[in-house]
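A.B. asks:
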Amino acid sequence: MRIGIVVESYWGNTAQVAEAIAAGARQTGAQTVVWSAAQAPAQIADVDLLLVGAPTHNLKLPSSSSRRIAARRGIDVDSSGVREWIASADLSGVPSVFTFDTRVSLHSGSAAKDAAKKLKRRGAHAEQGEGFFITGDTPVLQAGEIERAKEWGSRLAC
Numbered sequence: 016m017r018i019g020i021v022v023e024s025y026w027g028n029t030a031q032v033a034e035a036i037a038a039g040a041r042q043t044g045a046q047t048v049v050w051s052a053a054q055a056p057a058q059i060a061d062v063d064l065l066l067v068g069a070p071t072h073n074l075k076l077p078s079s080s081s082r083r084i085a086a087r088r089g090i091d092v093d094s095s096g097v098r099e100w101i102a103s104a105d106l107s108g109v110p111s112v113f114t115f116d117t118r119v120s121l122h123s124g125s126a127a128k129d130a131a132k133k134l135k136r137r138g139a140h141a142e143q144g145e146g147f148f149i150t151g152d153t154p155v156l157q158a159g160e161i162e163r164a165k166e167w168g169s170r171l172a173c
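Using this note's numbering, the letters of the sequence shown correspond one by one to residues 16 to 173.
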């Protein structure tokens, strides 16, 4: 199986989750590639499964204002993210898409849900996937989330 992962990350948590998902998938023999949303190809080809992940901000996918806020906090951010990538990507050759996100709680909204809706509007066969939890003022992944991401990657690749 070939799996592509497009990810947007500010504090590094969502990127860590993406790499853990990829590692779990590789344990089953899958081939994986991880792209930052700003560097992801406009046309995704030669994948059996695409995963799209982002941090939850203001209950949904980050926006340009999210990136401005992050930049003011001293975070090195790209000029575009998952929201913009979805709006311009050609997903016609992608058979299946799952989304994932990082979030503070079950009640803090979901970038994964927002991304799945946007992907479906673009004609993709997309489903909302997992949410991985963060904690703290300088957010870090909660204990066990990396392992959970690896397990999810392994299950997706089977």
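Using N, Cα and C, we set each Cβ at its ideal position, and we do this for glycine too. Here the structure is a predicted model, which is why all the values come from computation and not from measurement.
Looking at the structure shown, is Trp26 part of a helix, part of a strand, or coil, going by DSSP?
C.D. replies: For the purposes of this step, residue 26 is identified with residue 11 of the sequence shown, where counting begins at 1. DSSP places Trp26 in coil when its eight states are reduced to three.
A.B. asks: Let's test the definition: count the other Cβ atoms within 10 Å of the Cβ of Pro56 and tell me whether it reaches 16, buried, or not, exposed.
C.D. replies: For the purposes of this step, residue 56 is identified with residue 41 of the sequence shown, where counting begins at 1. By the 10 Å Cβ count, Pro56 comes out exposed.
A.B. asks: Which class does Leu106 belong to by DSSP, given the choice of helix, strand or coil?
C.D. replies: In the sequence shown, the residue the question calls residue 106 occupies position 91. Three-state DSSP puts Leu106 in coil, outside helix and strand.
A.B. asks: Please check the pair Ala164 and Ala35, which I expect to be a contact at CB under 8 Å, by giving their CB distance rounded to whole angstroms.
C.D. replies: On the sequence shown, position 149 is the one that residue 164 refers to. On the sequence shown, position 20 is the one that residue 35 refers to. Yes, they are in contact, since the Cβ atoms of Ala164 and Ala35 sit about 4 Å apart, within 8 Å.
A.B. asks: Starting from Arg136 and walking both ways along the alpha helix (DSSP H), at which residues does that stretch end?
C.D. replies: As a working note, residue 136 is residue 121 in the sequence shown. Element bounds for Arg136: 126-136.
A.B. asks: Mind checking which residues open and close the alpha helix (DSSP H) that includes Val149?
C.D. replies: The residue labelled residue 149 in the question sits at position 134 within the sequence shown. First, the residue type needs correcting, since residue 149 is Ile and not Val in the sequence shown. Counting along the chain, Ile149 falls outside any alpha helix (DSSP H), though it belongs to the beta strand (DSSP E) covering 141-150.
A.B. asks: Taking the alpha carbon of Ala158 as the point to measure from, which residue in Phe148, Asp116, Glu142 has its own alpha carbon closest?
C.D. replies: Mapped onto the sequence shown, residue 158 falls at position 143. Comparing Cα-Cα distances from Ala158 to each of Phe148, Asp116, Glu142, the minimum goes to Phe148.
A.B. asks: What does a CB cutoff of less than 6 Å around Ala53 pick up in its chain, not counting 5 residues either side in sequence?
C.D. replies: Position 38 of the sequence shown, counted from the first residue, corresponds to residue 53. Contacts found: Asp93, Ser95.
A.B. asks: Are the CB atoms of Thr71 and Ala37 within a distance shorter than 9 Å?
C.D. replies: Counted from its first residue, the sequence shown places residue 37 at position 22. Counted from its first residue, the sequence shown places residue 71 at position 56. No.
A.B. asks: What three-state label does DSSP hand Leu121 in the structure shown?
C.D. replies: The residue labelled residue 121 in the question sits at position 106 within the sequence shown. Residue state, collapsed to three classes: coil.
A.B. asks: What residue from Met16, Tyr25, Val21, Ile20 has the CA that sits closest to Val155's CA?
C.D. replies: Your numbering for residue 155 matches position 140 in the sequence shown. Considering only alpha carbons, the answer is Tyr25.
A.B. asks: Strictly by DSSP, which residues pair up with Ser51?
C.D. replies: Working through the sequence shown from its first residue, we reach residue 51 at position 36. Bridge partners of Ser51: Val22.
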